Each structure stands twice: as C-alpha cells, then as structure tokens.
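S.K.: Got a structure for you, written out below as structure tokens; questions coming shortly.
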Amino acid sequence: MFFAATVTIADEDGSTARYRIVGVDEADAAAGCISWISPLAQALMRARVGDVVRLRSPAGVREIEILDVSYQ
Numbered sequence: 001m002f003f004a005a006t007v008t009i010a011d012e013d014g015s016t017a018r019y020r021i022v023g024v025d026e027a028d029a030a031a032g033c034i035s036w037i038s039p040l041a042q043a044l045m046r047a048r049v050g051d052v053v054r055l056r057s058p059a060g061v062r063e064i065e066i067l068d069v070s071y072q
C-alpha cells in the first residue's frame with residue numbers, strides 16, 4: 001500500500017481498525033488518519049492484503065494482518 005490508502009488491519013488479539021495514510025499536516029488519530037511517517041504507516045508501506053507485518057512499539061513488537069486496502 002502507499003500514501004492515501006485506507007487500510008483495515010487486525011491486531012494479534014483479533015481487534016480490527018481502519019486507518020487512512022495521509023500527509024503530516026492532515027494526521028488526526030482520532031479520525032483514523034495517520035501520517036505516512038508514523039511507525040504504523042511505515043510498517044504497512046508496500047505490504048499487501050493478507051500480509052502480516054511486525055510493528056515495533058514502546059509496548060513491544062506486535063504482529064498486524066492487513067485485511068483490506070482501498071484508495072479513494
């Protein structure tokens with residue numbers, strides 16, 4: 001996936017979330033818009049539906065599965 005993608009992901013615990021990858025000045029986590037330079041967006045870049053990516057965070061490493069990608 002690339003800039004401007006809307007992605008649906010599943011966390012290790014099965015919870016799902018939907019985010020749109022946007023520019024730094026458009027980022028608004030509460031609205032589901034994450035900056036393309038954020039750790040989550042960087043982990044998702046160039047991944048495809050069905051891929052499992054590893055996200056390093058202060059809480060440790062998490063595995064995230066990409067469920068859907070769309071562009072609007």
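full-length UniProt numbering applies: residue 1 is where the sequence shown begins, and numbers increase by one. Note that CB positions come from ideal geometry on N, CA and C, so glycine has one too. Since the model is a prediction, treat every value here as computed from it, not as a measurement.
1. Tell me the DSSP bridge mates of Glu65?
2. Leaving aside the five residues before and after Arg47 along the sequence, list all residues of the same chain whose C-beta is less than 7 Å from its C-beta, in chain order.
3. Under the three-state reduction of DSSP, which class applies to Ala47: helix, strand or coil?
4. For Ala17, name the three-state secondary structure that DSSP assigns.
5. Relative to the C-alpha of Arg62, which residue among Gly23, Gly32, Leu40 is closest?
M.R.: Judging by the given coordinates:
1. Ala10, Val52
2. In the sequence as presented, Arg is not what sits at residue 47; that position holds Ala. Counting only Cβ-Cβ distances below 7 Å, and skipping sequence neighbours, we find Met1, Val53, Ile66.
3. Reduced to three states, the DSSP call for Ala47 is coil.
4. strand
5. Leu40
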